[in-house]
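Respectively, the protein sequence lines represent chains R and W. With our numbering applied, the first sequence covers 232 to 594. With our numbering applied, the second sequence covers 232 to 594. Ideal Cβ positions, reconstructed from N, Cα and C, are used throughout, including at glycine.
2 protein chains.
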Amino acid sequence: MKADKNEFDSELRLVCSQMDRMVAADPLPATVRPLYLGDAVRAYPSRGGKRLRPALLIWSCGLMGGTIEKARHAALAVELYHNWTLVHDDIIDQDELRRGHPACHTLLRESFPSTATHLGDFGERRDKFGYDMAILAGDIQHGWAVDALARSTLDGVCPKVTVALIRRMAGWLTPALISGEALDVAFPHMEGVSPVDLETMLALKTGALLQFAAESGAMIGLDTADHDRIEVRELGLLARCGGIAFQLVDDWLNIFGDAKATGKPVGSDLREGKKTMLLTMTLETAPRQASSELLELVGKPDLSAEEIDCAREIMRASGAEARLLGLAKKFSDSASDILVRMPDNRYRALLASWLDQLVNRTK
Amino acid sequence: MKADKNEFDSELRLVCSQMDRMVAADPLPATVRPLYLGDAVRAYPSRGGKRLRPALLIWSCGLMGGTIEKARHAALAVELYHNWTLVHDDIIDQDELRRGHPACHTLLRESFPSTATHLGDFGERRDKFGYDMAILAGDIQHGWAVDALARSTLDGVCPKVTVALIRRMAGWLTPALISGEALDVAFPHMEGVSPVDLETMLALKTGALLQFAAESGAMIGLDTADHDRIEVRELGLLARCGGIAFQLVDDWLNIFGDAKATGKPVGSDLREGKKTMLLTMTLETAPRQASSELLELVGKPDLSAEEIDCAREIMRASGAEARLLGLAKKFSDSASDILVRMPDNRYRALLASWLDQLVNRTK
């Protein structure tokens with residue numbers, strides 16, 4: 232059912248170059264003052280990334296028989312939307328890097344006026360300046376995403392459908408996705424967070440935007456303002472399940488993956504003391520002694536290779552590894568089951584490859 | 232030309248109670264998780280305030296001959312929009328109070344899980360938790376404002392006009408207003424900021440939202456998607472000029488006003504070392520010795536009444552006080568000149584009172 236690998240790659244490249252062109256040509260960031268804030272607004276969206284969200288939206292439109300050109304601005308909108316949430320996430324997580332380049336607040340810190348160097352707490356003021364400006368950069372990108380979606384009328388989407396898409400983004404996606412982010416902020420400080428709680432968080436933080444992208448593509452393809460229509464709902468569910476499976480696999484790769492392939496040091500989640508699904512499942516079922524042994528490794532910044540092997544062993548022996556992979560497979564199977572019921576056209580094959588890319592990966 | 236005081240007060244009360252009802256009945260905040268984040272999302276919009284922005288929007292619609300019921304959701308949208316920008320502003324300024332109640336991040340700090348009290352840096356972690364959650368509360372309110380505007384179709388605004396309003400909010404207002412906020416963040420760290428720079432900042436930070444409110448009311452009243460139509464542009468300019476005049480008067484009241492009337496301690500801008508228009512104008516024209524004397528008072532937290540008198544004297548003698556009031560009058564006159572050319576109906580009288588309220592005030 233999957234598309235030929237060459238076809239998938241070349242179609243995805245088309246989406247990437249279309250997004251690159253649209254981001255570069257968009258007049259909005261140039262209206263921003265000071266000029267360095269406008270540059271920061273364009274930074275993440277210009278860096279590329281896999282563009283899996285716009286591809287999902289465009290192919291969902293095609294799957295439903297729509298002209299994919301009608302989905303251009305909506306596709307740009309989900310990509311911009313993803314990026315503003317990353318900017319605010321990076322502030323909250325105090326991450327210094329994003330896609331191998333400086334995080335937005337790190338970039339903006341560099342624009343702190345050098346005339347203020349005489350001040351005693353220069354470094355602290357400069358850090359705060361970077362964070363404050365990055366809050367504002369994300370806010371402008373949030374507006375940019377909404378504007379891009381509203382520009383769907385320029386692609387021939389009728390105003391009624393466009394308003395429905397905007398309501399779904401602003402009135403459903405935003406509270407849902409941001410609730411997921413808020414739970415992610417709160418969980419490390421809470422006791423008794425269960426695998427079910429984590430699943431809810433993942434469904435909101437990652438699943439909701441993918442669901443929105445698929446639904447929007449379907450609504451444009453079907454020319455409907457009704458996000459409750461069966462095909463729209465099903466395609467949304469497919470994307471949401473795919474997104475959850477993706478995050479679960481991510482969890483697994485962080486401990487059991489190959490550092491060379493993933494590009495991330497193995498066990499970084501463990502080192503940072505993250506309350507991941509894998510850790511939570513392990514602590515739920517491992518014998519008391521194994522649990523205490525594992526807990527001593529959690530949040531240890533200088534974890535050795537032997538200690539990571541030890542953590543792996545505990546996770547495997549407790550059955551948590553198998554349980555995690557089983558859950559990922561359940562979500563990925565649900566997504567595939569929906570896809571086989573969809574119209575059989577080339578976009579279905581592209582979406583099957585899209586799903587495969589999300590789940591069956593080594594990096 | 233102004234409305235009778237009783238009529239103005241009772242019409243404004245109507246707007247207030249309508250906004251109160253709509254905020255209380257809106258289902259969006261209840262969908263947010265954790266529940267305390269949903270409460271924080273509703274907090275500022277529930278606190279009332281003067282509701283001058285929704286009143287401006289509704290009366291602009293009436294002025295153009297529109298049915299004011301069509302402007303309900305758009306009016307809610309500008310009020311919510313104002314509130315999300317306040318939430319992010321309060322984070323940046325680290326203000327602990329808003330309208331006499333805890334700021335959003337101060338409220339959210341209280342929800343930091345108490346199970347984390349054993350941690351050494353509990354206070355610091357709790358502060359960061361409050362700020363992080365407040366970024367997210369503002370983000371959800373931003374979405375809420377867009378959704379409210381999109382719900383204008385429920386009031387009978389046609390989808391085409393609704394899309395035009397959303398594009399104006401997301402694609403013009405957001406970059407403009409946030410640019411104003413960014414300049415306000417950057418100016419204290421910059422040298423050579425002139426009165427003209429400050430005027431630009433005020434036009435963006437305060438003027439743009441009032442301009443948007445008036446334009447939107449006019450567009451709904453005229454049933455047009457064209458924000459460039461002459462009546463729309465003129466009414467927008469009126470509101471923008473009114474907003475700038477309002478801020479200039481605010482500046483003056485902070486130094487020359489009566490603390491009993493304003494409710495703010497006289498000279499707080501001076502104590503906080505704010506680069507206000509009044510200070511900037513004074514430093515531009517005062518003789519060198521007076522300037523140095525004044526600069527010694529700027530940012531002095533324990534300023535005495537005598538020192539404030541001394542600052543006043545320097546500001547007055549330099550001609551800056553007169554220049555500031557002259558500039559405020561120029562903007563307020565421009566606004567009034569536009570209003571006299573507008574259709575003569577009861578909404579024009581209400582808007583004349585609205586403008587008067589903004590400019591001729593002692594608090």
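Less than 8 Å divides the Cβ of proline 285(R) from the Cβ of valine 246(R). Considering only His458(W), Asp564(W), Ser345(W) and Ser535(W), the residue with the shortest C-alpha distance to arginine 399(W) is His458(W). Contact of methionine 364(R) with chain W by beta-carbon distance below 7 Å involves Ala413 and Val416. Between the beta-carbon of leucine 468(W) and that of glutamate 462(W) there is about 11 Å, and that puts the pair past the 8 Å contact cut.
Judged by beta-carbon spacing, leucine 404(R) lies within the 8 Å limit of leucine 440(R), meaning their Cβ atoms are closer than that value.
Taking all protein chains in view, the Cβ of leucine 328(W) is surrounded by fewer than 16 other Cβ atoms within 10 Å, so the residue is classified as exposed.
According to DSSP, leucine 328(R) shares a beta bridge with Pro333(R). Considering only Phe353(W), Phe418(W) and Ala302(W), the residue with the shortest C-alpha distance to glycine 387(W) is Ala302(W). Residue contact with chain W for arginine 398(R): present (Cβ-Cβ distance below 8 Å to some residue of chain W). In its chain, beyond the 5 residues on either side, Tyr267, Leu268, Ala271, Phe360, Gly361, Met364, Ala365 and Ala368 have a beta carbon closer than 8 Å to the beta carbon of leucine 339(W). Residues of the stretch 498–523 of chain W that bring their beta carbon within less than 9 Å of a beta carbon in chain R are absent altogether. Along the stretch 251–278 of chain R, the positions whose C-beta sits under 7 Å from a C-beta of chain W are Leu259, Thr262, Val263, Arg264, Pro265 and Leu268, read in chain order.
Close partners of methionine 232(W) in chain R (Cβ separation under 9 Å) are lacking, with about 36 Å as the shortest Cβ gap.
Straight across, the Cα-Cα distance linking alanine 517(R) with aspartate 575(R) is about 45 Å. Contacts with chain W (Cβ-Cβ distance below 9 Å) from the stretch 376–387 of chain R involve Ala376, Val377, Asp378, Ala379, Leu380, Ala381, Arg382, Ser383 and Thr384, listed in chain order. Within chain W, the C-beta atoms nearer than 7 Å to that of valine 394(R) come from Ala381, Thr384, Pro390, Thr393 and Val394, in chain order. For isoleucine 371(R), the closest Cβ of chain W is nearer than 8 Å. With a contact defined as Cβ atoms closer than 8 Å, alanine 376(R) and leucine 311(R) qualify at about 4 Å.
Residue environment for glycine 488(R): buried (at least 16 other C-beta atoms within 10 angstroms of its C-beta).
A distance of 8 Å or more separates the beta carbons of lysine 233(R) and serine 563(R).
Cβ neighbours of aspartate 500(R) within its own chain (closer than 6 Å, five residues either side excluded): Asn485 and Thr507. One finds Ile409, Glu412 and Ala413 in chain W with Cβ atoms closer than 7 Å to the Cβ of leucine 367(R), taken in chain order.
Look at glycine 354(W): its C-beta is not under 8 Å from any C-beta on chain R. Judged by pairs of C-beta atoms under 8 Å, the stretch 236–250 of chain W touches the stretch 284–299 of chain W, as three or more such pairs exist. The Cβ atoms of arginine 471(W) and alanine 434(W) lie closer than 8 Å to each other. For cysteine 472(W), the enclosing alpha helix (DSSP H) has its first and last residue at 461–487. The alpha carbon of alanine 305(W) has as its nearest neighbour, out of Met546(W), Glu527(W), Val497(W) and Asp378(W), the alpha carbon of Asp378(W).
Taking 4 residues as the minimum length, the alpha helix (DSSP H) runs contained wholly in the stretch 537–572 of chain W are 551–571, in order along the chain.
Leucine 528(R) is positioned such that its CB atom lies no closer than 8 Å to that of tryptophan 483(R). Taken in chain order, the whole beta strand (DSSP E) runs of length 3 or more contained in the stretch 346–431 of chain W number zero.
For alanine 444(R), the uninterrupted alpha helix (DSSP H) run begins and ends at 439–453, by DSSP. In chain order, Gly411, Gly474, Ile475, Phe477 and Gln478 place their CB closer than 8 Å to the CB of threonine 437(R), counting only its own chain and leaving out the 5 sequence neighbours on each side.
Proximity of chain W to threonine 346(R) at the Cβ level (cut-off 8 Å) is accounted for by His420, Met421 and Glu422, in chain order. Linking leucine 558(W) to proline 426(W) through their CA atoms gives a straight-line distance of about 11 Å. Under the three-state reduction of DSSP output, glutamate 503(W) falls in the coil class, being neither helix nor strand. Taking 8 Å as the cut-off, the beta carbon of threonine 513(W) is found closer than this to the beta carbon of alanine 551(W).
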